[in-house]
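J.: Residue numbers (this note's numbering): 766 to 1230.
We put the CB at the ideal spot given by N, CA and C, even for glycine.
Have a look at this one.
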Amino acid sequence: MALRLFNTLTRTEEEFRPIEDNHVRMYTCGPTVYDFAHIGNFRAYTFEDVLRRYLKYKGYRVTQVMNLTDIDDKTIRGCQAEKIPLDQYTARYKKAFFEDIDSLRIERAEIYPEATKHIGEMVAIIAKLRAKGIAYEMNGSIYFKISSFPEYGKLSHMDISQLKAGARVASDEYEKEQVSDFALWKAWDESDGPVFWETEIGKGRPGWHIECSAMSTKYLGNHFDIHCGGIDNMFPHHENEIAQTEAATGEKFVNYWLHNDHLVVEGRKMAKSFGNFFTLRQILKRGYPAVAVRYLLMSTHYRQQLNFTFDGLEAAKAAIERLHDFVGNLGAVSGGKLNPVVDELINRVLADFETALDSDLNMSAALGAVFDFVRDINRLIHDKHMSEVDAKKVISTMARFDTVLAVLQREDAALDAEIEEMIDRRNQARKNKNFAESDRVRDELLAKGIVLEDTPLGTKWKRKL
RNA sequence: GGCGGCUUAGCCAAGUGGUAAGGCAGAGGUCUGCAAAACCUCUAUUCUCCGGUUCGAAUCCGGAAGCCGCCUCCA
């Protein structure tokens, strides 16, 4: 079956067809590296990770580009506050960003271009737009003339003439021909301090939108398959990207625009004033495993607003433990007669999983299929209708799912000598029917995060998530 | 003011015309020295509310209420 994706451009679900056979080129809006990213940011990156993993699952080769915005108002303000160079300031948050996505098991994109290393490419586009008469200069800054791009608004379905002149417009004191014209290049002023580039279009720094146009087309070509981002970037950011890129190249820019909805925390929008604003690091500090955050972020359909709660995080943790136990228990199945029902169940869950994800990445439905499968197989194990060969097939099916889900891999360290000694001591006590002692040792181990299971094959242990 | 989305059990969340997936939590049972894991049974006659269309609506239409967004640099 074919993958279908909801395209913001057309507001319909469309069958996905890459431009190049079997090769998908996608651009995903990345972080502005001025602070630690919050869980809302990671919802976007987790969604994009699921997308790229599922594309690969379907056999596509993926080239993903994710930008690092390391020059904008906030990074300038930040480095000035600390009185350190811009690159030194942003380096800290670039490093943190990669640590965070690693802990969430977000696969690395192929390319992470940094805005500050692509000023030349941006200048080239701006110069081209100016030569075409689509951009104009005003007091050293350069603006894109929206009236010269009749299709402006086609992504967000906004009618520019209806836009309310908001408070934020007033803060942009430059004299533009039209309020909705946006900056391609910002002339240097004193508040920028040492942050500027001397270029053929003047002394200053790029506007925000231009970096994405410059870096996406550099690495993916003028026309590529997918562009993702948070729903808030739809307007104006992506709308402006389309305008400036298509005006410059004369070609269609992107075929499929995908936008993830925001998350709210405990039923309210995430805001520092509500005390419900969390970075990933803060969540981890509270003792939750990153993989539970991953599960929670991806388990709701990406175009649905997600309610992030600590109860939900506990539930996510428990759900992952069920999956871990499932795979662990399969490993203990030995001998037995081949059961053809297992193949039927595998075929069914593969079909259901893929149908769900093909349908605009319906992860909730896909997980539902996986858990149905878990219950059905557990029943066969319980009734002793599973063979070792069957169990191995189930394990590899789960591994296949996990190339998309990425929640199965355990981070169990080996037991240290002290804990092994405790387990031995407990088993000795059990043998002697000294259950008071054995239960005491078990509680002690539990306090260390080690859970014991006494099975017919002996005592098994696992680490709590 | 313009535009968009959402409201399904205690919590999270699928389902978009044919009689309510799944996860978590909870109750009872089997297994176990006791647990754990697993299995079995139970847990929404009903989908925010009010109308309408239809043989049939959580699903379509109209209205109301509540919540969340975007409207110039916020994922």
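Give me whichever residues DSSP pairs with F771 in a beta bridge.
T.: Within the first sequence, the letter at position 6 stands for residue 771. DSSP output for F771 lists E778 as bridge partner(s).
J.: Going by other Cβ atoms of all chains shown within 10 Å of its Cβ, with 16 needed for buried, is R970 buried or exposed?
T.: As a position in the first sequence, residue 970 is number 205, starting the count at 1. Buried, because 16 or more other Cβ atoms sit within 10 Å of the Cβ of R970.
J.: Could you spell out the range, first to last residue, of the beta strand (DSSP E) harbouring G1030?
T.: The sequence position of residue 1030 within the first sequence is 265, counting from 1. In the sequence as presented, Gly is not what sits at residue 1030; that position holds Val. That run of the beta strand (DSSP E) goes L1028 to V1030.
J.: Suppose you measure from the CA of I727 to the CA of D800; what does that come to, to the nearest Å?
T.: The displayed coordinates of the chain run from 766 to 1230. Any statement about residue 727 would go beyond what the structure contains.
J.: Return the chain-ordered list of same chain residues with a C-beta closer than 7 Å to the C-beta of N1094, the five sequence neighbours on each side being excluded.
T.: By 1-based counting over the first sequence, the position of residue 1094 is 329. Only I1146 meet the Cβ criterion.
J.: Ignoring anything shorter than 3 residues or poking outside the segment 773-834, list the beta strand (DSSP E) runs there in chain order.
T.: The segment 773-834 contains these whole beta strand (DSSP E) runs: 777-780, 788-793 and 826-831.
J.: Which first and last residues belong to the alpha helix (DSSP H) in which F1118 is found?
T.: The sequence position of residue 1118 within the first sequence is 353, counting from 1. That run of the alpha helix (DSSP H) goes P1105 to D1123.
J.: Return the chain-ordered list of same chain residues with a C-beta closer than 6 Å to the C-beta of S1152, the five sequence neighbours on each side being excluded.
T.: Residue mapping note: residue 1152 aligns to position 387 of the first sequence, counting from 1. Excluding sequence neighbours, S1152 sits near G1101, K1102 and L1103.
J.: What are the start and end residues of the beta strand (DSSP E) that includes Y854?
T.: Position 89 of the first sequence, counted from the first residue, corresponds to residue 854. Per DSSP, Y854 belongs to no beta strand (DSSP E); it is in the alpha helix (DSSP H), L851 to S868.
J.: For K951, count the other beta carbons within 10 Å of its own beta carbon; 16 or more makes it buried, fewer makes it exposed. Which is it?
T.: Reading the first sequence from its first residue, position 186 is the one you call residue 951. Buried, by the Cβ-count rule.
J.: Exposed or buried, what is D946 when buried is set at 16 or more other beta-carbons lying within 10 Å of its beta-carbon?
T.: Taking the first sequence and counting its residues from 1, one reaches residue 946 at position 181. So D946 counts as buried.
J.: Quick test of your reading: V1092 and M1163, contact by CB under 8 Å. State the CB separation rounded to the nearest angstrom.
T.: Locating residue 1092 in the first sequence gives position 327, where the first residue counts as 1. Locating residue 1163 in the first sequence gives position 398, where the first residue counts as 1. At roughly 6 Å, the Cβ-Cβ gap stays under 8 Å, so V1092 and M1163 are in contact.
J.: Start and end of the alpha helix (DSSP H) containing W973?
T.: Reading the first sequence from its first residue, position 208 is the one you call residue 973. Its alpha helix (DSSP H) spans residues W973 to L985.
J.: Can you tell me the Cα-Cα spacing of F968 and N904, whole angstroms?
T.: Mapped onto the first sequence, residue 968 falls at position 203. Mapped onto the first sequence, residue 904 falls at position 139. Here residue 968 turns out to be Lys, not Phe, going by the sequence shown. Going from the Cα of K968 to the Cα of N904 covers about 11 Å.
J.: If I follow the unbroken alpha helix (DSSP H) through V1019, where does it start and stop?
T.: As a first step, residue 1019 is located in the first sequence; it is residue number 254 there, counting from the start. Careful: V1019 lies outside any alpha helix (DSSP H), inside the beta strand (DSSP E) at V1019 to N1025.
J.: What would DSSP say about V1216, mapped onto helix, strand or coil?
T.: Working through the first sequence from its first residue, we reach residue 1216 at position 451. Strand at V1216.
J.: How big is the Cα-Cα spacing for Y822 and S1161?
T.: Mapped onto the first sequence, residue 822 falls at position 57. Mapped onto the first sequence, residue 1161 falls at position 396. Approximately 14 Å between the Cα atoms of the pair.
J.: Please state the DSSP three-state secondary structure of H992.
T.: Position 227 of the first sequence holds residue 992. Residue state, collapsed to three classes: strand.
J.: Could you compute how far the alpha carbon of T1120 sits from the alpha carbon of V944?
T.: In the first sequence, the residue the question calls residue 1120 occupies position 355. In the first sequence, the residue the question calls residue 944 occupies position 179. Distance between the alpha carbons of T1120 and V944 is about 46 Å.
J.: If you run the structure through DSSP and keep just helix, strand and coil, what is R873?
T.: For the purposes of this step, residue 873 is taken as the residue at position 108 of the first sequence. If DSSP states are grouped into helix, strand and coil, R873 belongs with coil.
J.: Verify whether the separation of the beta carbon atoms of V1098 and L1078 is less than 8 Å.
T.: The count along the first sequence starts at 1 and reaches residue 1098 at position 333. The count along the first sequence starts at 1 and reaches residue 1078 at position 313. No.
J.: Determine the contact status of P796 and L833, defining contact as a CB-CB distance below 8 Å.
T.: Stepping through the first sequence from its first residue, residue 796 is reached at position 31. Stepping through the first sequence from its first residue, residue 833 is reached at position 68. Taking 8 Å as the Cβ cut-off, P796 and L833 qualify as a contacting pair.
J.: Note the first and the last residue of the continuous alpha helix (DSSP H) segment covering L894.
T.: Taking the first residue of the first sequence as position 1, residue 894 is located at position 129. Looking at the DSSP string, the run of the alpha helix (DSSP H) that includes L894 is I884 to A896.
J.: What would DSSP say about A1178, mapped onto helix, strand or coil?
T.: Numbered from 1 along the first sequence, position 413 holds the residue referred to as residue 1178. Residue state, collapsed to three classes: coil.
J.: Would you identify the three-state DSSP class for T1162, choosing helix, strand or coil?
T.: Taking the first sequence and counting its residues from 1, the one referred to as residue 1162 is at position 397. T1162 falls in the helix class under three-state DSSP.
J.: Throw me the rounded Cβ distance for the K1017 and H988 pair, which I believe falls under 8 Å.
T.: Here residue 1017 is taken as the residue at index 252 of the first sequence, counted from 1. Here residue 988 is taken as the residue at index 223 of the first sequence, counted from 1. So it is a contact: roughly 5 Å between Cβ atoms.
J.: On the three-pair Cβ rule with 8 Å, is the segment 836-848 touching the segment 784-793?
T.: No, they do not touch.
J.: Name, in chain order, the residues that DSSP records as bridge partners for Y908.
T.: Here residue 908 refers to the residue found at position 143 when the first sequence is read from its first residue. Per DSSP, Y901 and A948.
J.: According to DSSP, simplified to helix, strand and coil, what is A1057?
T.: The sequence position of residue 1057 within the first sequence is 292, counting from 1. Residue state, collapsed to three classes: helix.
J.: Taking the alpha carbon of R857 as the point to measure from, which residue in A802, E1183, A1182 and Q1009 has its own alpha carbon closest?
T.: Looking up residue 857 in the first sequence gives position 92. Considering only alpha carbons, the answer is A802.
J.: Whole angstroms is fine: what's the gap from W962's alpha carbon to H1027's?
T.: Translated into the one-based positions of the first sequence, residue 962 becomes position 197. Translated into the one-based positions of the first sequence, residue 1027 becomes position 262. If I take the Cα positions, the gap works out to 35 Å.
J.: Can you list, in chain order, the residues of its chain whose CB lies under 6 Å from that of D835, leaving out five sequence neighbours each side?
T.: Along the first sequence, read from residue 1 onward, the residue named residue 835 stands at position 70. V798, T855, E879, A880 and T881.
J.: Going by alpha carbons, who is nearest to A1013 out of N1025, T982 and M1035?
T.: If you number the first sequence from 1, residue 1013 lands on position 248. Among N1025, T982 and M1035, the Cα nearest to that of A1013 is on T982.
J.: Distance check for L1173 and L869, CA to CA, integer angstroms please.
T.: In the first sequence, counting from the first residue as 1, residue 869 sits at position 104. In the first sequence, counting from the first residue as 1, residue 1173 sits at position 408. Straight-line Cα distance between these residues: approximately 12 Å.
J.: Which residue's Cα is closest to the Cα of M887: A979, I966, G805 and P959?
T.: Residue mapping note: residue 887 aligns to position 122 of the first sequence, counting from 1. Closest by alpha carbon: A979.
J.: Going by the beta-carbon positions, is the gap between E813 and C993 smaller than 8 Å?
T.: Numbered from 1 along the first sequence, position 48 holds the residue referred to as residue 813. Numbered from 1 along the first sequence, position 228 holds the residue referred to as residue 993. Yes. Within cutoff.
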